[in-house]
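For what it's worth, my numbering labels the leading residue of the sequence shown as 1382, then goes sequentially. C-beta: ideal position from N, C-alpha, C; glycine also. For clarity, every value in this text was computed on a predicted model and none was experimentally measured.
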Amino acid sequence: MTLYETLTLLASLLALVVSTVSLVRGRKLGQVQEDLAKITSELALRQIDSLEIAKLEKAVPQLGVHITSLAKTSYFIITNTGQGSAFDVDLELIDSPDNPLVTARDLLPCPELKPRSTVKLLASFHLASPLRYQVKLRWTTESGGGESEVFWVSQA
């Protein structure tokens, strides 16, 4: 064998080794890319689930009630500080023989209390009126579920 043939044989063997190493590394890289693609798809599904949960949580109303006095006029004020609307909002005074609400019959149940909105109920207090009232709010959410919450409110 001549020197030229030997060098050609060595070059072709070197090319064979390089191509084999390249093929093995390419397969390993392909496997890693498949694993990353699976992980990425699982992450995308989890993000979609968390976005749906966040969307549902945003649509939940958060109702509260307090008493406000302006000059000699007092009001029970129902507020919705949540992101969702509340439907059929009703207020009930618990264990109160003296009902100070004047306009409750006209305004309650409120058909819809939108986010960041209020309902003012005129109240008439006298000297013998209690300073604190236990109030129960009832409402229906957009999904149709009934909710209720009890609050203690006091005159300012």
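{"Query": "L1503 versus A1485: straight-line alpha-carbon distance, rounded", "Result": "8 Å"}
{"Query": "Through-space distance from L1494 to P1511, alpha-carbon basis", "Result": "28 Å"}
{"Query": "Q1515 and S1450 closer than 8 Å at C-beta", "Result": "no"}
{"Query": "Three-way DSSP call (helix, strand, coil) for V1441 in this model", "Result": "coil"}
{"Query": "Beta carbon of V1500 nearer than 8 Å to that of V1534", "Result": "no"}
{"Query": "Separation of Q1414 from Q1464, as counted between CA atoms", "Result": "42 Å"}
{"Query": "Q1464, DSSP secondary structure in three states", "Result": "coil"}
{"Query": "Bridge partner(s) assigned by DSSP for Q1428", "Result": "Paired residues: none, contrary to the question."}
{"Query": "Cα-Cα separation, E1433 to S1505", "Result": "45 Å"}
{"Query": "Nearest-angstrom Cα separation, counted from V1405 out to Q1412", "Result": "11 Å"}
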